[in-house]
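Participant: One structure coming up, written as structure tokens, with questions to follow.
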């Protein structure tokens, strides 16, 4: 069955269409935090952030059905539901972030954000980190390929405590070290006569591997960017919608950006994303670009997005994430002394990164070890992934409805695998 | 109500979020070819190509509900439904177009196509027309702004009979005239040391205003492009899925492109798009780009896309489009002698363009007249739009389930308005 599917897939989608795990999983059904294969075998989903309120949540599915049965059309007619959703969503943001451009994908939201910053500032230069991923389009993809030397992009080394750019004496010096990289990038744009537009980062540096970010880096970087005439954009495609135990990653970092992009969990799987900003930034963008997106800002997107907010609020998912996330990190930290390769337990809320190394002294990244863990956990029925610029960070990021009981199932399996591989029992 | 909605919309979505008609319409419900406002007033939808099998078609809505209740997850697990859909869809294409990259929007499909052509050829230069629109991203947007002088883009004057680039003696000379523009663009890339990647056009030149294209232009242009080492891409976002009475616009033009992009009608409103190409082109693209799109290639997209194919096939919509489209064009042509500004009745299937001029001798485009017609028709309960580089082409493009009876309702209203404005009764 799997072999046949793989062969058909290679022909129809092309060889190299990405697949997870050494032996791919065939998934036919989802419910809450569980995924099922055709034989009825269940997997605890600890990877998927898109179905944030759980796979196939009935309230979201019903809202989708009701709206799809009533009206689903583009946004050049008036529709109250779209405005109700825009209002409710922006109300979850800082007060000044009051207007929104809806899109279908996070890539498109970051396209809008980059365009918005460039139009508002008249600049072109954008700063990102050296392990960023913000989307698959040619323009947004430049952030990933910053080292290729695109003149309008500068990548700073991503700020972190574990493998600092240089050894320094204190936390505040570490912060300053990375802030000086932001200043250096701004100066480099100036030296090359490229007017500065802003900085775009994930506020919790998810793809970078969820490093512990030196205190105050994000808020101070935003000030430096603004002082230089730029705008600060946070990409909340992964960090947003209560993933961290706060509504937005920028709250965790204790500052308010100028522009915020959102995506993945926003529609629980329906393509739905958007860019929130101060109203005058959205107005200027609309005025210059006449942006239109056929499937975006639709009654269907609004109804489904609204249902996701309903569930997050009525099921107190933000609080659940904060509590279960803290519990899971604490329990993993207890295992740490018995598991030499697990150098750090990091993250926020239900987004946990485990730094995997082959030598804790040299901090040598152990990508193979991380891959082994991911695949052994899959065999035991637990789906996680890996992340980080070195591919050696275990990524644990379940739907927000993940409970303490689910965490305990995982912790037992995790300890067993650690003992099996490393011979050390917690 | 409308005033209040407009004020809320300006605040939440920004001033300048595009709206149709001098007085915007508030739409709350859709069914088949009908749209309804909150007072129950109905409008015959002759604009919307996205809900191709009709607004809220129960078979499509049920398929969406069933799949959303069962599983909706990203594409890095195996899923038979996605492959079944890919197979059925590619089977509707020319045999060699056997593999697909799914995306969420037409913009993304054109991003993929441009990337695919550039990777396969090693080139960068892309030819489009001077009135093209292929999407809203920075990269695809360059095709719209070709005249801004991006070194990697060349726009040729779009081929047409009505306002030819130069008066020539015969149809074949006219074809040659425009083909020489393709050669000139290729030579210009060569002269600037920009390796050539290919040509991207809508096969029926929809945004250009559905001109009558000189015979053989598309197929001969494709040969010229290939002889120069490039690939020929057709953007079937508007032309595809039986809109023209054929499955694809390239069939109307009697040739097979190397890469085809699809979008709008593909999911009847669910964000669903894709790029079909020869397998080796998809393989090379996958290999180089490791393309991944979170919401694309999902079980939900596949189930909904499959249901759209079901309806097109079981309700014989291709045949319906061919017959009703021919009838509507024929009846409009009968009105033409009584309507001096209607200089041409053009198009294919249920995609009709009416060239509107203030003087048939000078062929002066009458954008204001076209706008007046569009708005008067709206007031009478008929929704159409306008198109073309000069904005003076009435665009008639109803859902594919549009019947002869619907056409008659429109023809009566259209004749009345023509008499009212121009004082000439058919």
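Chains as they are written, first to last, in our numbering: chain A, 1 to 426; chain B, 1001 to 1426.
No residue lacks a Cβ here, since even glycine has one placed at the ideal position from N, Cα and C.
For clarity, every value in this text was computed on a predicted model and none was experimentally measured.
Would you kindly check if the distance between the Cβ of residue 104(A) and the Cβ of residue 1271(B) is under 9 Å?
Facilitator: Taking 9 Å as the Cβ cut-off, residue 1271(B) and residue 104(A) qualify as a contacting pair.
Participant: Tell me which residues share the same chain as residue 1288(B) and place their Cβ nearer than 8 Å to its Cβ, disregarding the 5 neighbours each side in the sequence.
Facilitator: The residues are 1119.
Participant: Rounded to a whole number of angstroms, what is the C-alpha to C-alpha distance between residue 1101(B) and residue 1168(B)?
Facilitator: Straight-line Cα distance between these residues: approximately 42 Å.
Participant: Could you tell me which residues DSSP pairs with residue 31(A) in its beta bridges?
Facilitator: 34(A), per the DSSP bridge assignment.
Participant: Give me the Cβ distance between residue 367(A) and residue 345(A), rounded to the nearest whole Å; I'm assuming they're in contact under 8 Å.
Facilitator: Contact doesn't hold; Cβ gap of about 18 Å is too wide.
Participant: Helix, strand or coil for residue 219(A) per DSSP?
Facilitator: Residue 219(A): helix per DSSP, three-state reduction.
Participant: Could you tell me which residues DSSP pairs with residue 129(A) in its beta bridges?
Facilitator: Residue 129(A) is bridged to 156(A).
Participant: With a Cβ-Cβ cutoff of 9 Å, do residue 186(A) and residue 127(A) count as a contact?
Facilitator: Taking 9 Å as the Cβ cut-off, residue 186(A) and residue 127(A) qualify as a contacting pair.
Participant: For the segment 369-398 of chain A, which residues have a CB atom closer than 8 Å to at least one CB atom of chain B, in sequence order?
Facilitator: Of all residues in the segment 369-398 of chain A, none has a Cβ within less than 8 Å of some Cβ in chain B.
Participant: Strictly under 9 Å for the Cβ-Cβ distance: is residue 1126(B) near chain E by that measure?
Facilitator: The structure shown contains no chain E; the protein chains it does contain are A and B.
Participant: Got a sec: which bits of the segment 1254-1271 of chain B sit with their beta carbon under 9 Å from any beta carbon on chain A, in order along the chain?
Facilitator: Of all residues in the segment 1254-1271 of chain B, 1263, 1264, 1267, 1268, 1269, 1270, 1271 have a Cβ within less than 9 Å of some Cβ in chain A.
Participant: Below 9 Å between beta carbons: does that hold for residue 1384(B) and residue 1047(B)?
Facilitator: Yes.
Participant: Can you check whether the CB of residue 1092(B) is closer than 9 Å to the CB of residue 1309(B)?
Facilitator: Yes. Within cutoff.
Participant: If we call anything under 9 Å between Cβ atoms a contact, is residue 14(A) one with residue 1283(B)?
Facilitator: Cβ atoms of residue 14(A) and residue 1283(B): closer than 9 Å.
Participant: Listed in chain order, which residues of the segment 413-425 of chain A have Cβ atoms closer than 8 Å to some Cβ of chain B?
Facilitator: Those would be none; no residue qualifies.
Participant: 9 Å is my cut-off, CB to CB: does residue 289(A) come that close to chain B?
Facilitator: True, the Cβ-Cβ gap to chain B drops below 9 Å.
Participant: For the pair the segment 1308-1323 of chain B and the segment 43-61 of chain A, tell me if three or more CB-CB distances fall below 8 Å.
Facilitator: Verdict: no, contact absent.
Participant: Is the number of C-beta pairs between the segment 1169-1189 of chain B and the segment 1106-1118 of chain B that are closer than 8 Å three or more?
Facilitator: As far as the Cβ criterion goes, the segment 1169-1189 of chain B does not touch the segment 1106-1118 of chain B, which means the pair count is below three.
Participant: Within 8 Å, do at least three Cβ pairs link the segment 1294-1311 of chain B to the segment 1369-1388 of chain B?
Facilitator: In short, these stretches do not touch, since the Cβ pair count stays below three.
Participant: So, does the segment 1224-1232 of chain B touch the segment 1072-1085 of chain B, judging by three or more C-beta pairs under 8 Å?
Facilitator: With the cut-off at 8 Å, the segment 1224-1232 of chain B and the segment 1072-1085 of chain B do not touch.
Participant: For a minimum of 3 consecutive residues, which ranges assigned as the beta strand (DSSP E) are wholly contained in the segment 1140-1201 of chain B?
Facilitator: Listed in chain order, they are 1153-1156, 1196-1201.
Participant: Taking only beta carbons into account, state which residues of the segment 1059-1078 of chain B come closer than 9 Å to chain A, listed in chain order.
Facilitator: Hits within the stretch, in order: 1060, 1061, 1062, 1064, 1065, 1068, 1069, 1070, 1071, 1072, 1073, 1074, 1075, 1076, 1077, 1078.
Participant: Can you list, in chain order, the residues of its chain whose CB lies under 6 Å from that of residue 391(A), leaving out five sequence neighbours each side?
Facilitator: The residues are 367.
Participant: Return the CA-CA distance between residue 1250(B) and residue 43(A), expressed in angstroms with no decimal places.
Facilitator: One C-alpha to the other measures close to 45 Å.
Participant: Quick check on the burial criterion: 16 or more other C-beta atoms within 10 angstroms. Buried or exposed for residue 1162(B)?
Facilitator: Exposed.
Participant: So the candidates are 354(A), 325(A), 350(A); which of them puts its Cα closest to the Cα of residue 336(A)?
Facilitator: Of the listed residues, the one whose Cα sits closest to residue 336(A) is 354(A).
Participant: Kindly identify the DSSP beta-bridge partner or partners of residue 1353(B).
Facilitator: Answer is 1346(B), 1395(B), bridged to residue 1353(B).
Participant: Taking buried to mean at least 16 other C-beta atoms within 10 Å of its own C-beta, is residue 1148(B) buried or exposed?
Facilitator: Exposed, since its Cβ has fewer than 16 Cβ neighbours within 10 Å.
Participant: For residue 1262(B) and residue 1363(B), what's the separation of their Cα atoms in angstroms?
Facilitator: Near 34 Å, if we compare the C-alpha coordinates of residue 1363(B) and residue 1262(B).
Participant: Which one or two residues does DSSP pair with residue 385(A) in a beta bridge?
Facilitator: For residue 385(A), which the question treats as bridged, DSSP gives the partners 395(A).
Participant: Take residue 1129(B) as the anchor and find which of 1033(B), 1405(B), 1209(B), 1176(B) has the nearest alpha-carbon.
Facilitator: When each option's Cα is compared against that of residue 1129(B), the closest is 1209(B).
Participant: Closer than 9 Å by beta-carbon distance: list the chain B residues that pair up with residue 283(A), in chain order.
Facilitator: The contacting residues are 1010, 1014, 1015, 1016.
Participant: Curious, which full-length alpha helix (DSSP H) runs of at least 4 residues does the segment 218-267 of chain A contain?
Facilitator: List check, alpha helix (DSSP H) in window: 249-252.
Participant: What's the call for residue 198(A), buried or exposed, on a 16-neighbour Cβ count within 10 Å?
Facilitator: Counting Cβ neighbours within 10 Å, residue 198(A) comes out buried, since at least 16 surround it.
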